[in-house]
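What follows is a set of notes on a single structure, which appears directly below.
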Amino acid sequence: MDVYPYLRSIVRNIESPPDGTPTGCEAFLGRPMSHDECGGAKWCPRKGCKFRQNDFLKYGEKQGGCWNYMSGGLYIMTRSLASAISGPNGWWAHNSHGIEDVTSGKAVTYYAQEHHVCVHSWTPG
3 MDVYPYLRSI
13 VRNIESPPDG
23 TPTGCEAFLG
33 RPMSHDECGG
43 AKWCPRKGCK
53 FRQNDFLKYG
63 EKQGGCWNYM
73 SGGLYIMTRS
83 LASAISGPNG
93 WWAHNSHGIE
103 DVTSGKAVTY
113 YAQEHHVCVH
123 SWTPG
């Protein structure tokens with residue numbers, strides 16, 4: 003394990019998400035990584051794709067091709083989202099190689115875009 007989770011704090015934040023968090027959405031929680039935080043490598047999110055709280059698919063820029071991922075120390079997603087992105091014919095089934103954190107982030111992004119699924123996201127305190 004590369005992180006010590008303070009479960010009480012995490013659960014409290016999941017039970018009471020930040021104001022403005024949409025209801026009825028899937029959840030993908032963790033520490034989002036930007037292009038620079040990722041180190042600028044070829045597998046990193048594109049430069050200029052800025053993660054915005056609450057909606058995993060909004061980046062503040064009107065440019066296509068943006069995606070993001072959560073740092074591997076700890077990230078959490080709803081069970082239904084995990085099940086959906088790992089389906090037998092989904093993106094994950096054909097692309098489950100490489101860096102797991104990055105692959106998970108791309109799988110969530112592509113699934114949500116393709117199926118018009120709301121995915122809310124924030125960093126639990």
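When we follow our numbering, the leftmost residue of the sequence shown carries the number 3, and every step to the right adds one.
C-beta: ideal position from N, C-alpha, C; glycine also.
Selected residue, minimal CA-CA separation from residue i, among the options
i: Ser82; options: Thr105, Val119, Trp93 and Tyr71; result: Val119
i: Trp93; options: Cys68, Lys108 and Cys40; result: Lys108
Chain-order list of residues whose beta-carbon lies under 8 Å from that of residue i (same chain, five-residue window excluded)
i: Gly26; result: Cys120
i: Gly42; result: Lys49
i: Pro34; result: Phe53, Asn70, Tyr71, Met72, Ser73, Ser123 and Thr125
i: His99; result: Thr105
Bridge partner(s) assigned by DSSP for residue i
i: Val121; result: Glu28
i: Pro34; result: Met72
i: Ser78; result: Note on residue identity: the sequence assigns Ile, not Ser, to residue 78. Per DSSP, Leu31.
Residues near residue i in its chain [Cβ-Cβ closer than 7 Å; skip 5 each side]
i: Ile101; result: Trp45
i: Gly130; result: Residue 130 is absent from the structure shown; the chain starts at 3 and stops at 127.
i: Ser88; result: Trp94
Cβ-based neighbour list, residue i, same chain, cut-off 6 Å, excluding 5 preceding and 5 following
i: Ile78; result: Leu31
i: Thr80; result: Glu28 and Ala29
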